[in-house]
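Asks:
Protein chains: 2
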Amino acid sequence: MTVPAQEEPRVRAYDLVLAEVEQGIATGRLRVGDRLPSERDLAQQLGVSRASVREAVRVLEAMGVVRSSVGHGPDGGTVLTTGSSTALTRLLRLHIGLANFPMPDVIETRVMLERWSCRLAAQFATPAEIDRLRETLAAMERPAISRGEFNDLDTRFHVQIAEAGHNRMVADMTTAIRDAMSWWIRFSFDEVAEWDGLAEELRASHAGVVEAIAARRPLRAADRIEAHIRAAYGALLWTREVG
Amino acid sequence: MTVPAQEEPRVRAYDLVLAEVEQGIATGRLRVGDRLPSERDLAQQLGVSRASVREAVRVLEAMGVVRSSVGHGPDGGTVLTTGSSTALTRLLRLHIGLANFPMPDVIETRVMLERWSCRLAAQFATPAEIDRLRETLAAMERPAISRGEFNDLDTRFHVQIAEAGHNRMVADMTTAIRDAMSWWIRFSFDEVAEWDGLAEELRASHAGVVEAIAARRPLRAADRIEAHIRAAYGALLWTREVG
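As given, the protein sequences belong to chains U and W, one line each in that order. 29 is the number of the first residue of the first sequence in the numbering used here; add one for each residue after it. 29 is the number of the first residue of the second sequence in the numbering used here; add one for each residue after it.
#1: For chain W, find out if any of its Cβ atoms is closer than 9 Å to the Cβ of residue 42 of chain U; answer yes or no.
#2: Any contact between the stretch 139-152 of chain W and the stretch 184-200 of chain W? By contact I mean 3 or more CB pairs, one from each, below 8 Å.
#3: Contact between the stretch 151-161 of chain U and the stretch 210-225 of chain U is defined here as three or more beta-carbon pairs at a separation below 8 Å; is this criterion met?
#4: Since residue 108 of chain U sits in a beta bridge, which residues does DSSP pair it with?
#5: Under 9 Å between C-beta atoms, does residue 133 of chain U make it to chain W?
#6: Of the residues that make up the stretch 53-71 of chain U, which ones have a beta carbon closer than 9 Å to any beta carbon in chain W?
#7: Counting C-beta neighbours from all protein chains within 10 Å, is the total for residue 228 of chain W 16 or more, i.e. buried, or is it exposed?
#8: Could you check the C-alpha separation between residue 261 of chain W and residue 257 of chain U for me, to the nearest Å?
#9: Tell me the rounded alpha-carbon separation between residue 122 of chain W and residue 53 of chain U.
#10: Rounding to the nearest angstrom, what Cα-Cα distance links residue 125 of chain W and residue 140 of chain U in this structure?
#11: Please state the DSSP three-state secondary structure of residue 170 of chain U.
#12: In whole angstroms, what is the alpha-carbon distance linking residue 67 of chain U and residue 94 of chain U?
#13: On a Cα-Cα basis, can you pick out the residue from W:263, W:162, W:97 that is closest to residue 242 of chain W?
#14: Do residue 70 of chain W and residue 48 of chain W have their CB atoms nearer than 9 Å?
#15: Do residue 91 of chain W and residue 201 of chain U count as a contact pair if the criterion is CB distance below 9 Å?
#16: Assess contact between the stretch 204-217 of chain U and the stretch 110-119 of chain U, defined as three or more Cβ pairs (one per stretch) separated by less than 8 Å. Is contact present?
#17: Out of W:46, W:50, W:106, which one is the CA nearest neighbour of residue 211 of chain U?
#18: Give me the residue from W:135, W:254, W:85, W:213 with the minimum Cα distance to residue 233 of chain W.
#19: Thinking just about the alpha-carbon of each residue, which of W:251, W:247, W:238 is nearest to the one in residue 157 of chain W?
#20: Just list the residues that DSSP pairs residue 63 of chain W with in beta bridges.
#21: What is the DSSP secondary structure of residue 187 of chain U, reduced to helix, strand or coil?
#22: Determine the burial state of residue 55 of chain U: buried for a count of at least 16 other Cβ atoms within 10 Å of its Cβ, exposed for fewer.
#23: Closest Cβ-Cβ distance between residue 170 of chain U and chain W: below 9 Å?
#24: Taking Cβ positions only, does residue 129 of chain W come closer than 9 Å to chain U?
#25: Whose C-beta lies closer than 7 Å to the C-beta of residue 250 of chain U among residues of the same chain, with five residues either side of it excluded?
#26: Tell me the rounded alpha-carbon separation between residue 72 of chain W and residue 134 of chain U.
#27: Between residue 191 of chain U and chain W, is there a C-beta pair that is closer than 9 Å?
#28: Under 9 Å between C-beta atoms, does residue 254 of chain U make it to chain W?
#29: Say whether chain U places a C-beta atom closer than 9 Å to the C-beta of residue 200 of chain W.
#30: Sort W:196, W:63, W:214 by Cα distance to residue 183 of chain W and report the nearest one.
#31: When you compare the CB of residue 176 of chain U with every CB in chain W, is at least one pair closer than 9 Å?
#32: Would you verify that the beta carbon of residue 125 of chain W is, or is not, closer than 9 Å to some beta carbon of chain U?
#33: Less than 7 Å between C-beta atoms, sequence neighbours within five positions excluded: which residues of the same chain meet that for residue 245 of chain U?
#34: Where residue 87 of chain W and residue 171 of chain W are concerned, what is the direct C-alpha to C-alpha distance, given to the nearest angstrom?
#35: Given a cut-off of 9 Å, decide if residue 85 of chain U and residue 64 of chain U are closer than it, judged by their beta-carbon atoms.
#36: Between the beta-carbon of residue 74 of chain U and the beta-carbon of residue 108 of chain U, is there less than 9 Å?
And the structure:
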C-alpha cells in the first residue's frame with residue numbers, strides 16, 4: 029500500500045491576505061490611491077507570516093490591483109492602483125497559450141468585440157481619434173516597413189478602434205486579445221511567402237474600416253472589420269497549415 | 029531638499045520566473061498537464077531565491093495557470109492546468125470593485141456578450157442545454173425562494189446561456205462579469221422595496237429569452253436578453269439612487 033500524497037490544506041496563508049483585500053475592495057473600504065497596511069502590520073493582523081503577505085502582494089501586483097515601491101514617506105508602500113489592461117493581457121495570453129481557449133473561439137470573440145467597437149466608434153469617435161487612425165494607416169504604408177513594425181502598427185490600429193468606441197471594458201478586452209495574439213501573428217507573418225500581397229490586402233481593408241467610421245456608417249464599419257479579421261486569420265492559418 | 033524615495037528596480041526576481049514560464053507557454057514548450065521543475069531547481073536555474081520562485085508560483089496559481097500540491101510522487105509538485113474562468117472572475121471583480129471599469133461600460137459589455145451568446149445559443153444549443161435552462165426557470169418559480177437563492181439561480185441562468193453559445197472565451201467572460209457583479213446585485217436585491225414585482229418581471233423576461241432560443245430565433249433571443257439586462261440594471265440602479 030502506498031502512502032497517499034499529503035493534501036494541501038484548503039485555505040492557505042496568502043489566501044487569507046487576498047481575501048482581506050478583496051473584501052475591502054468589494055465593500056468600497058479600499059479605493060484607488062489608498063495604501064495597504066505595511067507587510068508587518070498585515071502579517072500581525074491576520075496571523076500569517078510576512079512571506080505570505082508578500083506572496084499575496086505579488087498576486088495583486090500581477091493582477092494590476094496594487095503597485096509596490098520600496099522606500100518610506102509618501103511614495104513608499106503598496107498602493108491600490110488602476111492597471112486592468114496589462115493584467116488582462118497577461119491572463120489571456122497565458123490561457124490562449126495553453127489552448128484553454130481554442131483558436132476559433134478567440135477569432136469569434138475578436139469579431140464580436142471589434143464589431144461592437146466599430147459600431148460605437150462610427151457613432152462617437154472624435155475627429156482627433158479618426159486622425160490618429162489615419163496616422164496609423166499612413167505609417168503602415170511606408171515602403172521599407174519590416175514585418176515586426178507592421179505587426180506593432182497593426183496592433184495599434186485595433187487598439188485605437190477599441191478606444192474610439194469609448195468603452196473601457198471592451199477596449200481592455202480587445203487590447204488584451206490582440207496583444208495576446210501578437211506573438212502568434214508576428215510568427216505567422218514571418219511564414220507568409222506572399223508578404224507584399226498580404227500586407228497590401230491588410231492595408232486596404234484597414235482603410236475601408238476607417239473610411240466607414242469617418243463616414244459615420246456603424247453597420248458598414250462593423251461588417252468591414254469582421255471581413256478583415258476573418259480574412260486575416262484565414263490567410264495566416266492557411267499559411268501555418270501548408271507552410 | 030528631500031531625498032527621493034528609492035526606486036524599485038525594473039526587473040524583480042519573481043518576474044524572471046514568470047517570464048520563463050510565460051515564454052515556455054508561448055512557444056508551446058510547456059503544455060497543460062506538464063510539471064514545472066521543483067522550486068529548488070528553478071531557483072538554481074534562474075539564479076533567484078526559493079522565496080522568489082514561490083511568489084511567482086502564487087501568481088500563476090491566482091491566474092489559474094498552475095495547480096500546486098504538497099507531496100512527492102505523481103501527485104506532487106506544480107502542474108500546468110486549465111482554470112481561466114475563476115481567475116478571470118477574480119480579476120474582473122477586483123477591477124469592477126475599484127471602479128476601473130465604470131458601471132455603464134460594464135452593462136454595455138454584458139449586453140454585447142449576452143446578445144452574442146443568445147444568437148449562438150438559438151442556433152446551436154442542444155435539447156439538453158435548453159432543458160437545463162428550463163429547469164433553472166422552474167427553480168426560480170419556487171414561492172418561498174429567498175433573494176439570495178434567486179440571485180444564485182439568476183447567475184446560473186446567464187452562465188447557462190453563455191455555455192449554450194459554445195464559445196469558451198465568451199462564456200468565461202460572461203461568467204466572470206456576472207459573477208463579479210453578483211455581490212452588487214445581491215446587495216441591490218435587498219434594497220428593493222417591490223421585490224415580488226421585480227422577481228416576477230425577471231422571471232417573465234427570462235422565460236421569453238428561453239422561448240426564443242428554443243424557437244431557434246437568434247435575433248429575437250438577442251433583443252430579449254438585451255431588454256432584460258437593461259431593464260434589470262435600470263430597476264436596480266434606480267433603487268440604489270433613491271433607496
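Cβ atoms here follow ideal geometry from the backbone N, Cα and C, with glycine treated the same way.
Replies: A quick look at the data gives this:
#1: The residue labelled residue 42 of chain U in the question sits at position 14 within the first sequence. When Cβ-Cβ separations below 9 Å define contact, residue 42 of chain U makes contact with chain W.
#2: In short, these stretches touch, since the Cβ pair count reaches three.
#3: Touching, no, given that fewer than three Cβ pairs across the two stretches are closer than 8 Å.
#4: For the purposes of this step, residue 108 of chain U is identified with residue 80 of the first sequence, where counting begins at 1. Paired residue(s): U:94.
#5: Along the first sequence, one-based indexing puts residue 133 of chain U at 105. Closer than 9 Å: yes.
#6: Flagged, chain order: 53, 54, 55, 56, 58, 59, 60.
#7: For the purposes of this step, residue 228 of chain W is taken as the residue at position 200 of the second sequence. By the neighbour-count rule (16 or more Cβ atoms within 10 Å), residue 228 of chain W is not buried but exposed.
#8: Against the second sequence, residue 261 of chain W aligns to sequence position 233. Against the first sequence, residue 257 of chain U aligns to sequence position 229. Rounded to the nearest whole angstrom, the C-alpha separation of residue 261 of chain W and residue 257 of chain U is 33 Å.
#9: Taking the first residue of the second sequence as position 1, residue 122 of chain W is located at position 94. Taking the first residue of the first sequence as position 1, residue 53 of chain U is located at position 25. Distance between the alpha carbons of residue 122 of chain W and residue 53 of chain U: 7 Å.
#10: On the second sequence, residue 125 of chain W is found 97 positions in, with the first residue counted as 1. On the first sequence, residue 140 of chain U is found 112 positions in, with the first residue counted as 1. Annotation: residue 125 of chain W to residue 140 of chain U spans about 25 Å, alpha carbon to alpha carbon.
#11: By one-based count along the first sequence, residue 170 of chain U stands at place 142. DSSP, reduced to helix, strand and coil, places residue 170 of chain U outside both helices and strands of the structure shown, so it counts as coil.
#12: The residue given as residue 67 of chain U occupies position 39 in the first sequence. The residue given as residue 94 of chain U occupies position 66 in the first sequence. Just so you know, the alpha carbons of residue 67 of chain U and residue 94 of chain U end up roughly 13 Å apart.
#13: For the purposes of this step, residue 242 of chain W is taken as residue 214 along the second sequence, with counting starting at 1. Of the candidates W:263, W:162, W:97, the one whose C-alpha sits nearest the C-alpha of residue 242 of chain W is W:162.
#14: As a working note, residue 70 of chain W is residue 42 in the second sequence. As a working note, residue 48 of chain W is residue 20 in the second sequence. Yes, the pair counts as a contact, with Cβ atoms nearer than the cut-off.
#15: Along the first sequence, one-based indexing puts residue 201 of chain U at 173. Along the second sequence, one-based indexing puts residue 91 of chain W at 63. Cβ atoms of residue 201 of chain U and residue 91 of chain W: not closer than 9 Å.
#16: Flag = yes, the stretch 204-217 of chain U and the stretch 110-119 of chain U touch.
#17: Looking up residue 211 of chain U in the first sequence gives position 183. Proximity to residue 211 of chain U across W:46, W:50, W:106 peaks at W:50, based on C-alpha coordinates.
#18: Numbered from 1 along the second sequence, position 205 holds the residue referred to as residue 233 of chain W. Among W:135, W:254, W:85, W:213, the Cα nearest to that of residue 233 of chain W is on W:254.
#19: Stepping through the second sequence from its first residue, residue 157 of chain W is reached at position 129. Nearest option by C-alpha distance: W:238.
#20: For the purposes of this step, residue 63 of chain W is taken as the residue at position 35 of the second sequence. DSSP lists W:107 as the beta-bridge partner residues of residue 63 of chain W.
#21: Residue mapping note: residue 187 of chain U aligns to position 159 of the first sequence, counting from 1. Looking at residue 187 of chain U - three-state DSSP - the assignment turns out to be helix.
#22: If you number the first sequence from 1, residue 55 of chain U lands on position 27. Of the other Cβ atoms in all chains shown, fewer than 16 fall within 10 Å of the Cβ of residue 55 of chain U; this residue is therefore exposed.
#23: Residue 170 of chain U sits at position 142 when you count from the first residue of the first sequence. Answer no: the Cβ-Cβ gap between residue 170 of chain U and chain W never drops below 9 Å.
#24: The count along the second sequence starts at 1 and reaches residue 129 of chain W at position 101. It does; some Cβ of chain U falls within 9 Å.
#25: As a working mapping, residue 250 of chain U is identified with position 222 in the first sequence. Around residue 250 of chain U: 143, 146, 147.
#26: To locate residue 72 of chain W, count along the second sequence from 1; it is residue 44. To locate residue 134 of chain U, count along the first sequence from 1; it is residue 106. The straight-line gap separating the alpha-carbon atoms of residue 72 of chain W and residue 134 of chain U is approximately 37 Å.
#27: To locate residue 191 of chain U, count along the first sequence from 1; it is residue 163. By this cut-off, residue 191 of chain U is not an interface position.
#28: Sequence index remark: in the first sequence, residue 254 of chain U carries index 226 (1-based). Taking Cβ atoms only, chain W never reaches closer than 9 Å to residue 254 of chain U, which makes this a no.
#29: The residue given as residue 200 of chain W occupies position 172 in the second sequence. It does; some Cβ of chain U falls within 9 Å.
#30: Locating residue 183 of chain W in the second sequence gives position 155, counting from the first residue. It is W:214 whose Cα lies nearest to the Cα of residue 183 of chain W.
#31: On the first sequence, position 148 is the one that residue 176 of chain U refers to. At a cut-off of 9 Å between beta carbons, residue 176 of chain U makes no contact with chain W.
#32: Within the second sequence, numbered from 1, the residue matching residue 125 of chain W stands at position 97. True, the Cβ-Cβ gap to chain U drops below 9 Å.
#33: As a working mapping, residue 245 of chain U is identified with position 217 in the first sequence. Counting only residues of its own chain and dropping the five nearest sequence neighbours on each side, residue 245 of chain U has a CB closer than 7 Å to the CB of 150.
#34: Residue mapping note: residue 87 of chain W aligns to position 59 of the second sequence, counting from 1. Residue mapping note: residue 171 of chain W aligns to position 143 of the second sequence, counting from 1. In this structure, the alpha-carbon of residue 87 of chain W lies about 44 Å from that of residue 171 of chain W.
#35: Locating residue 64 of chain U in the first sequence gives position 36, counting from the first residue. Locating residue 85 of chain U in the first sequence gives position 57, counting from the first residue. It is a contact, given that the beta carbons lie within the stated cut-off.
#36: Counting from one through the first sequence, the residue named residue 74 of chain U turns up at place 46. Counting from one through the first sequence, the residue named residue 108 of chain U turns up at place 80. At least 9 Å separates the beta-carbon of residue 74 of chain U from that of residue 108 of chain U.
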